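*Asks:* Letter by letter, the sequence shown follows residues 36 to 214 in my numbering.
Right, I'll just put the structure down here and ask away after.
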Amino acid sequence: TLHHPDMNGEFVVDVDTSRTACGAILTQLREDEDGTMYRVPIAFASRRLNEAEQAYSATELEGLGCAFACRRFRPWLHGKVFTLRCDHSALEHVSSNPEKNWRLARYCSVMAEFDYKPVHVPKDQMQHVDYISRSPGGPCTVLEDALGRSADEIHKGYETVAVAACVLGAPAPTDPAAF
């Protein structure tokens, strides 16, 4: 179940990018009655990569994914300190030397408006977001199958609902009015 954000709480953004799509999950740390911390999902986002982006290096792809996630989740993240988790360790150091690659410099300029702490997380701990960027047929498959729409139509705004349904194990809505 998606949760409403607590704007006073700490946000965590998990990002993964494959050769076909970017995926991101915005979560928030919560505490239960006995003091145990756990994360709840606030929002999901994904997008397919275009043909040119599919030729990017691994570092450029992960930078693209991070910039995409921060732009998409800007209403929640702007003005907040948050943790940006990804499975590509080079991104922890990119902002200190972006001038060697113009794409990375562009991503750094997008990311400059955010106050984040980059954290490298091993790939085996990022399976939840890895699914979004590598699911068979792309991130829009579930909704495409349910509604009979093309991936291009779905990509115009419905992808988050499809991804949320996939990741949370719920069936994708079949009624277009549900969007």
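In this text, a Cβ means the ideal position worked out from N, Cα and C, and glycines have one as well.
On a predicted model such as this, the values are computed, not experimentally measured, just so you know.
Express the C-alpha separation of serine 81 and isoleucine 167 in angstroms, rounding to a whole number.
*Replies:* For the purposes of this step, residue 167 is identified with residue 132 of the sequence shown, where counting begins at 1. For the purposes of this step, residue 81 is identified with residue 46 of the sequence shown, where counting begins at 1. About 7 Å.
*Asks:* For glutamine 63, write down the residues that DSSP places opposite it in a beta bridge.
*Replies:* Counted from its first residue, the sequence shown places residue 63 at position 28. In DSSP, glutamine 63 forms a bridge with Phe46, Val75.
*Asks:* Got a sec, what are the start and stop residues for the alpha helix (DSSP H) proline 157 sits in?
*Replies:* Residue numbering aside, residue 157 sits at position 122 when the sequence shown is read from its first letter. Looking at the DSSP string, proline 157 is not in any alpha helix (DSSP H), and its letter there is neither H nor E.
*Asks:* Please report the Cβ distance between histidine 113 and phenylalanine 149, rounded to the nearest whole angstrom; I am assuming they are in contact, meaning their Cβ atoms lie under 8 Å.
*Replies:* As a position in the sequence shown, residue 113 is number 78, starting the count at 1. As a position in the sequence shown, residue 149 is number 114, starting the count at 1. At roughly 7 Å, the Cβ-Cβ gap stays under 8 Å, so histidine 113 and phenylalanine 149 are in contact.
*Asks:* Which one or two residues does DSSP pair with arginine 83 in a beta bridge?
*Replies:* Sequence index remark: in the sequence shown, residue 83 carries index 48 (1-based). Paired residue(s): Ala56.
*Asks:* Exposed or buried, valine 50, counting other C-beta atoms within 10 Å across all chains shown (16 or more means buried)?
*Replies:* Along the sequence shown, read from residue 1 onward, the residue named residue 50 stands at position 15. By the neighbour-count rule (16 or more Cβ atoms within 10 Å), valine 50 is buried.
*Asks:* Could you tell me how far apart the beta carbons of threonine 52 and leucine 99 are, in whole angstroms, since I believe they sit closer than 8 Å?
*Replies:* In the sequence shown, residue 52 corresponds to position 17, counting from 1. In the sequence shown, residue 99 corresponds to position 64, counting from 1. Yes, threonine 52 and leucine 99 are in contact; Cβ-Cβ is about 6 Å, under 8 Å.
*Asks:* Using DSSP bridges, identify the partner residues of cysteine 13.
*Replies:* There is no way to answer for residue 13, as the model of the chain reaches only from 36 to 214.
*Asks:* If leucine 64 and valine 48 are in contact, beta carbons under 8 Å, what's the gap, nearest whole angstrom?
*Replies:* In the sequence shown, residue 64 corresponds to position 29, counting from 1. In the sequence shown, residue 48 corresponds to position 13, counting from 1. About 12 Å separates the two Cβ atoms, so there is no contact after all.
*Asks:* Output yes if chain C places a C-beta closer than 8 Å to the C-beta of aspartate 69; else output no.
*Replies:* The chain labelled as chain C is not found in the depicted structure, where only one protein chain is given.
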